[in-house]
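Read through the structure below, which is laid out as structure tokens, and then see the notes.
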Ligand SMILES: Nc1ncnc2c1ncn2[C@@H]1O[C@H](COP(=O)(O)OP(=O)(O)OP(=O)(O)O)[C@@H](O)[C@H]1O
Ligand SMILES: Nc1ncnc2c1ncn2[C@@H]1O[C@H](COP(=O)(O)OP(=O)(O)OP(=O)(O)O)[C@@H](O)[C@H]1O
Ligand SMILES: [Mg+2]
Ligand SMILES: [Mg+2]
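Chains as they are written, first to last, in the numbering used here: chain H, 111 to 425; chain D, 111 to 425; chain Y, 202 to 511; chain A, 2 to 271; chain R, 2 to 271.
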């Protein structure tokens, strides 16, 4: 604030230090025109938003579900053409054949049942994995030992394939759902912990300070400041973890097998693959895809809309 | 700036709108003490940083490699005890036995050779996957269709296990390294694209505007503004992708197998597992872990130190 | 005692177990011994998962190829002492090729690709090595490994049936080999496992730890008795057995294919292991197992039905 | 309506805002930032946007920069509608985080010169070092932005814009975070630069005095939503005339215009 | 050294900075922000830190807040060394991004009250709405921070701090982004609040006038690295005395103290 300049003699003195600048200040030839001064009496403003009529093409393009449907249709078409062109229905069935097998599996209830088994396992593993990831990252956020632990453990265990855990899982949990859960947690924990940790580290220092200022420490700081602020990173971690939980589940159901016909989608795929019903294999995979799309659009996109997008954190 | 208050009569008038505030301004009893005014003549400052002698315990704890080594030692100890306690060396060999097998494999050159084969494949797949991920996210960053494409494709393909791609890989790439690369790209592409996209969306709007202001658009904006700014998220994506590339490679070598004894670490593990040389299996896994730790500490941590940490983006 | 957890894998080779389980034969024979047996059946996807489960104590009876059983016997000797319980029957494995130039294994060229499950380790791979050893001598037993590729049966079967890939041969198992031969007119048999092993041979065997057998003698007896009854029943009722397989496994394979296999003269459902020693001897010769078995009775338990094991 | 000596033939304006309304849509809420704002910017003119907090000054500047599009009215540059940002209209933003944190101070200043292809590397570095000297940050040339104080960051942003020597310079409260002394030095530097390159300048400030010193002409905006309350001349004033009677009179006039406007709500809260 | 009428028995200070040096380590570089700064803050005293850009005002305030630890000297509160931040010392930061973007304006203001357990939800909401009214943002109570202008964000941060009614209020250039009018209103509100709760205040500003109006006592800092140049009294001045001869004299004195200090580098750049 240059308040004091007004009446300080020193100020005027200092100002001619830059005479070149001062000279140019006096309007002269070649200067911008000197216009009349105007004042407007302003009526109280009734600022109604302007109606904007968009052309229908634009409105069509603005419709996100429509655009996505178009993408899906295009993919289906490519698939169909590719399958027809390779003409090897044991390796790559057509889209139409897969759709038929999907419909049949759906109507007979078999696919639904298998999907339900897989989903229920998956959700359990996912939730457990999330809990473990948050425990680990919360620790890493508050102590240096936790940070070292996180970075060392993830670097060590994240690259390990599930089969590496098989002996341990069998020793501790035996055959069955618990071992599968163990493997699922392994799939969810590390990527989510990595993403969350990166998100935490990226929280603006001043937000962190504001939180600490109000007496938040440890877990409360994590819950009230770090998690909301790192939500975009966490969301991407959750998406990745979700996908990997699926991948792992499908693969692990083959290894751990099924107890008395209780197999899920992975088992369905495995069995049909062994019987060379490739269309059903693809129907099983399509089921995974459909669930993936549903979760993405119903859960993750919604979550994103009501949180980060609304907060203006993410565009 | 309240410069003009100084001489404006209106100002003084407005000020007594809050008489309660004004009254309290005059020092009175119970007021803070009125102290003497002081001025200091300041000698030119030769601000040498203060020497801070830290106690040796503190210095020891400040040594990151040491702390990590301690964690690793603790883990090894837990392993050894666990293995001795279960006493089932076909399922869980002791740390010592594994170390012996590792040393033997290392000295005979077998492990090194296998690791080299795996690493070379892995790196190729990783680089290809990164390129694909950046292409996809760059597209997503600049066009809405790209954004839809990214979110739809990742939601669809990310959950698919590698075996789902086996038939396609066989048809398109045949047996051998190319199919493995295809699967590796699948493992790297989606998580990296997701993480990078989340990072891009999180770039402060004003940085984006600054970039556009200087005429950066499309790819140049991505390279000069979005990528550096989203680097923490990208780094976490790279870490996750790296780990998943390993997992996938190991698993895929089992499924796709090896042509004419050219198998890598996955094959080494698979074969020894089939032959119940469990100590060698764990030596193979240990090799994965060692490579993981080396990459984490040599590549990723260094990358982090010379970029985001130095920039003060991440603590 | 009173509880048994059995693993099987996927396929018609495990028909004996399916029958025993479906007709509650184990429970029935348990009653005879005065025992209520609780049977748990788990389906796993491969030999090594099977071994891990058995060793971890999550499983009582495992079922896999002769090869994995021999390996496990070798490694656990003097410790858990895993040995064979019984055979699940004799099944032939065919090496099928679509390359008309290949009549015997000696005709394979550099351009051919033989698909196998687990090159160098699986039963099919061992048999191929034995055949190679017979053709070119023991030192050359791994000669064909160079053109072998590891590929799961379904994909290999798809490749042979429809062509379009580099794979020109597949050492399969039932029912894939039958499907391939039916689907592709160019597909023909190059080698049969029986020719290499010296006659009809046990393909898949059941095995367990010594501890289980000695701790649960009654359950063990009930189990083998149930298997024996199941074998008789299948021999007597092949049609019903085929139906049962389709029902129990919720299989969608054509009934005719199943029936053809069950009825095939090359397939026998019996408990007594047959022609396993040749393989064991070969594996010892090439160093895959360290202990040299004197006869098949070394790696099968001393049970009445194993008396004639060879 | 008051009016002073109108000039006869004014040359074509460089930049024209005609009835510009700006709106933000956030979920269901539509916030109108400015309402039908019109003004002209002539070549080499220094225009100041002055108004209370939240009246839409930053929004208007962003619209001139081409970052947001008006929902009503139009903004033209040389008669052509503005469709996006460009290096000829360089902007200094109000936010502290406008400096890419991964570049040192020096590279931050060089960056736009290189990115817009305006200067080769050596020349860019020379120019960057010179402007950094001008804003008093030469010794921090190799520091990263997170090592700077708020005011220092803003000075780097100013240096970056000055180094570009654009046709139109858009500055959003560039000196708000600076102390009296630094601020005056920056004003001097700005005016000196203007005297050299004679670019057009749109300058947002909330200081009446600064508006009079920096501007040729002042566009006075009403409180939220921003509308043009008055257009006043300030070409007669410079740093030397601060405190002169004419200066004081004009300052007072602006003050009254702002006061009048807000007397109602003020009374309500007081 | 000048000194005015010294007082005899001063009560024990609430907050004491004794020879505080602050440093930042960035890689190999060590930047010294302040050098052996000492001052006292008494209960109900309003202390102003005044100094040029980059002299370490923000750093000093953060040290008082307990966010950074001095490398030399010590800071004590009630005689006890400060080990970390606490809700009794509430800080208004200089940065615009100090508001959690996931909370509405209202919840932003309520948050510290709830987090520190100072008020139940209903009471917190009541208090929050009242201070929002005071800073003129009642109508934006349900907006998210990204929908606010820079000045509005700072006002929310101020409201948040005022609602807390802490023992010590630490404010870092809180009014820098505000226009003349809003700024004066905020000054009034601050002084009114002070009169009610009589908390201690440490106020960073770069405006000499504001320092005189707001402060009882002014700690004048030298340019980088910050050292105490002088401690001056301002308890005699308030909003009404702006422009009085005594006020002008003190302002001029401060101006000279700052000038003198920087005459050398200034001449070099000009
Ligand atoms: N991203 C946004 N989303 C919604 N509303 C916004 C956004 N940015 C600004 N606004 C609204 O637009 C109006 C004008 O904001 P703007 O930032 O242009 O004000 P300003 O004049 O620059 O104020 P200040 O002097 O405080 O910086 C404000 O009422 C604000 O609430
Ligand atoms: N995070 C940091 N890392 C390194 N140096 C820093 C950091 N923050 C501030 N500094 C340095 O410390 C000194 C004082 O900074 P500080 O922010 O305290 O200044 P200030 O008085 O608040 O300035 P302003 O009025 O511009 O906000 C500056 O020289 C700055 O370069
Ligand atoms: Mg603004
Ligand atoms: Mg500061």
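Just so you know, even glycine gets a beta-carbon here, dropped at the ideal spot from N, CA and C.
What residue 421 (chain D) touches in chain A, judged by beta-carbon distance under 9 Å, is 101, 102, 103, 104, 145, 146, 147, going in chain order.
In the structure shown, the three-state DSSP call for residue 234 (chain R) is strand. According to the DSSP assignment, residue 199 (chain R) belongs to no alpha helix (DSSP H), since it is labelled neither H nor E. Bounds of any beta strand (DSSP E) do not take in residue 108 (chain A); it lies within the alpha helix (DSSP H) bounded by 106-116. By the Cβ test, the segment 150-166 of chain A is not in contact with the segment 146-163 of chain R, since fewer than three Cβ pairs between them sit closer than 8 Å.
Residue 275 (chain D) and residue 374 (chain H) have their C-alpha atoms roughly 19 Å apart. The Cβ-Cβ distance between residue 337 (chain D) and residue 305 (chain D) does not fall below 8 Å. Using a Cβ-Cβ cut-off of 8 Å, residue 284 (chain D) counts as an interface residue toward chain Y, since at least one Cβ of chain Y sits closer than that to its own. Listed along chain H are 147, 148, 149, each with a C-beta nearer than 9 Å to that of residue 233 (chain A).
Counting along the chain, no beta strand (DSSP E) covers residue 309 (chain Y), and no H or E run does either.
Under the Cβ distance rule, residue 349 (chain D) counts among the residues neighbouring chain H, one pair being separated by less than 8 Å. Near chain R, meaning a CB-to-CB distance below 9 Å, the residues of the segment 47-63 of chain A are 51, 52, 53, 54, 55, 56, 57, 58, 59, 60. Contact check for residue 339 (chain H) and residue 101 (chain R): beta-carbon distance about 7 Å, within the 8 Å limit, so the pair qualifies. Contact annotation: residue 500 (chain Y) and residue 481 (chain Y) have beta-carbon atoms nearer than 8 Å. At a cut-off of 8 Å, the C-beta of residue 277 (chain D) has a neighbouring C-beta in chain Y. Take residue 195 (chain R), set aside five residues on each side of it, and the residues of its chain with a beta-carbon closer than 7 Å to its own are 47, 202, in chain order.
Taken from the Cβ of residue 18 (chain R), every heavy atom of ligand 2 lies 7 Å or farther away. When DSSP assignments are scanned along the segment 102-189 of chain A, the uninterrupted stretches of alpha helix (DSSP H) that are 4 or more residues long and fall wholly within it turn out to be 106-116, 122-135, 151-165. A residue is listed when its beta-carbon falls short of 7 Å from at least one non-hydrogen atom of ligand 4; in chain order these are A:150, A:151, A:152, R:58, R:59, R:95, R:173, R:174, R:205. Within a 10 Å sphere around the beta-carbon of residue 180 (chain R) sit 16 or more other beta-carbons, which makes this residue buried.
A direct Cα-to-Cα measurement between residue 407 (chain D) and residue 187 (chain A) gives close to 46 Å. Here DSSP, grouped into helix, strand and coil, assigns residue 249 (chain R) to helix. Of all residues in the segment 383-402 of chain H, only 383, 384, 385, 386, 387, 388, 390 come within less than 8 Å of chain Y when Cβ atoms are compared, listed by chain position. The C-beta of residue 381 (chain D) comes closer than 8 Å to at least one C-beta of chain Y.
Counting every other CB atom within 10 Å of its CB across the protein chains shown gives residue 185 (chain A) a total of 16 or more, marking it as buried. Listed in chain order, the positions of the segment 212-235 of chain D with a beta carbon within less than 7 Å of a beta carbon of chain Y would be empty, since no residue qualifies.
Inclusion of residue 54 (chain R) in the 7 Å shell around ligand 2 follows from its C-beta lying nearer than that to a non-hydrogen atom of the ligand.
Remark: the C-beta of residue 25 (chain A) is outside contact range of ligand 2, defined as less than 7 Å to any heavy atom.
Under the Cβ distance rule, residue 196 (chain H) counts among the residues neighbouring chain Y, one pair being separated by less than 8 Å. Non-local C-beta neighbours of residue 221 (chain D) in its own chain, meaning closer than 6 Å and more than five positions away in sequence, comprise 215, 397, ordered along the chain. For residue 225 (chain Y), the three-state secondary structure derived from DSSP is coil. Within 10 angstroms of the beta-carbon of residue 349 (chain H) lie 16 or more other beta-carbons, which makes it buried. Counting C-beta pairs closer than 8 Å gives fewer than three between the segment 422-441 of chain Y and the segment 316-334 of chain Y, which falls short of the contact rule.
For ligand 1, a non-hydrogen atom lies closer than 7 Å to the CB of residue 207 (chain A). Per the coordinates, the alpha-carbon of residue 266 (chain D) lies some 51 Å from the alpha-carbon of residue 131 (chain R).
Taking CB atoms only, residue 92 (chain A) has a neighbour in chain D less than 8 Å away.
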